[in-house]
Amino acid sequence: MTNPSSRPLARPLHRCLLLCLLVLAALAIAVTNAPALHLLGSEPVKMFPASGPARAGRLRLAAVFLSGDMGFKFGMGAHIAQAVADRGIPVVGINSPFVFAHHRSRTEADAVVAGAIRLALARTGADRILLMAQSYGADIVATAAPDLPPDLRARILAIDLTVPAQDVYFRADPSTLAYLGAPDARPLQALRAVHWAPVICVYGREETDSLCPGLTGTGARVIGLPGNHHLNHDRAGVIAATLGALRAAVPEAEV
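First residue of the sequence shown? That's 1245 in my numbering, and the numbers climb one at a time after it.
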């Protein structure tokens, strides 16, 4: 026989459980739709003006940096871009969750990268470009870079990728739910054939789906760091590895 005194307790517990489920559902919806809701930035471009030592008399250089799917508000992307800017190199940052808030075609993804390079050349007056990206942005650059038109290839001094994945999706989703289906692209083979610019690929040695190990033997600089996709959140270590690899690959950049 049910104890009548337990019934009043059951109703509040049921309401609490229902409320928790509703809150979790709302959070899941918010995270999944964060790019479309512009919760991760409301502008497609973020400039990182050059600071630090003047580059007078040196190679006129700028960088393009595509962020991860959390934009420049979270993660390492903004810190890597700022470290480059602190070396006197202006950085044109592309806010990936804004630009890829909705699913793009391959043609549109290619156009985003080519357009960012042209924008950087026009805004900064640079002669050469460091094409850089992190996480989701690195996926997009790895896909688009091999098919850049010849006039833009000639302007790329180096391609620097931080934690790119093997599978690429043309919609940014910080919840990662959109990354569960069939990928829109798998760029490894095309990237292996890139010989017109040095390629740098930084990854976490605990990652299981990294693109970087597949570049071994191509001439690319493949750098494994401790940790998984988040690289143990070692911002200083990632920046040091990135700048060191750029100095070795393109000494004329003087980073």
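Beta carbons: idealized from backbone N, C-alpha and C, even for Gly.
Unbroken alpha helix (DSSP H) run spanning residue i, endpoints
i	result
R1348	Note, R1348: premise wrong, no alpha helix (DSSP H); not H, not E.
V1438	First-last for V1438: undefined, no H or E at that position.
V1328	1321 to 1329
Cα-Cα separation between residue i and residue j, rounded to whole angstroms
i	j	result
A1298	R1415	38 Å
R1479	H1347	30 Å
Y1413	A1353	10 Å
A1426	A1300	48 Å
L1490	T1368	20 Å
R1372	I1333	11 Å
P1288	I1400	22 Å
L1365	A1358	11 Å
K1317	S1286	11 Å
V1308	M1376	6 Å
D1417	D1383	13 Å
S1454	P1431	12 Å
I1361	L1396	8 Å
G1381	C1456	14 Å
W1440	T1462	12 Å
P1495	L1374	13 Å
A1485	L1435	21 Å
Y1423	A1398	33 Å
G1519	P1394	No answer is possible for residue 1519: the residues shown for the chain start at 1245 and end at 1499.
Q1410	L1363	28 Å
Nearest-angstrom Cβ-Cβ length linking residue i and residue j, presumed shorter than 8 Å
i	j	result
L1405	A1386	6 Å
A1429	L1303	Actually they are not in contact, since the Cβ atoms of A1429 and L1303 sit about 32 Å apart, beyond 8 Å.
V1499	I1467	About 15 Å; that fails the 8 Å criterion.
L1305	A1370	6 Å
V1407	G1458	With 8 Å as the limit, V1407 and G1458 do not qualify as a contact, their Cβ atoms being about 14 Å apart.
Terminal residues of the beta strand (DSSP E) in which residue i lies
i	result
R1465	1465 to 1469
I1400	1400 to 1406
A1307	1305 to 1310
A1377	1372 to 1378
G1337	1335 to 1338
V1412	Segment: none, V1412 is in no beta strand (DSSP E) and carries neither H nor E.
V1494	That residue, V1494, is in no beta strand (DSSP E); it is neither H nor E in DSSP.
Sequence-distant residues of the same chain with beta carbon closer than 6 Å to residue i, five excluded per side
i	result
V1438	P1390
P1470	N1476
Nearest residue (CA-CA) to residue i, options the options
i	options	result
A1402	M1291, F1309, A1493	A1493
V1335	A1325, P1408, L1392	A1325
M1238	D1330, M1314, G1319	In the structure as shown, the chain starts at 1245 and stops at 1499, and residue 1238 therefore has no counterpart that could be examined.
I1338	T1351, A1345, V1466, G1315	G1315
P1340	S1379, P1393, G1461, V1407	According to the sequence provided, residue 1340 is Ser. The question's Pro does not apply to it. Of S1379, P1393, G1461, V1407, the residue nearest in Cα terms is S1379.
E1451	G1458, R1436, P1442, N1472	N1472
A1345	M1320, L1374, S1311, L1363	S1311
T1460	Q1433, A1485, H1474	Q1433
G1319	P1495, A1294, H1474, G1481	H1474
L1421	D1313, T1351, A1294	D1313
R1350	G1296, L1392, G1481	L1392
Cut-off 7 Å between Cβ atoms - residues of its own chain near residue i, not counting five sequence neighbours on either side
i	result
H1323	R1479, I1483
A1327	I1483, L1487
A1294	A1329, G1332, I1333, P1334
CB contact check: residue i to chain D, cutoff 8 Å
i	result
P1293	Reference to chain D is not applicable here, since this structure consists of a single protein chain.
Other residues of its chain near residue i: CB distance less than 8 Å, five sequence neighbours each side excluded
i	result
R1500	Outside the displayed span of the chain (1245 to 1499) sits residue 1500, for which this structure offers no information.
G1296	A1329, D1330, R1331, G1332
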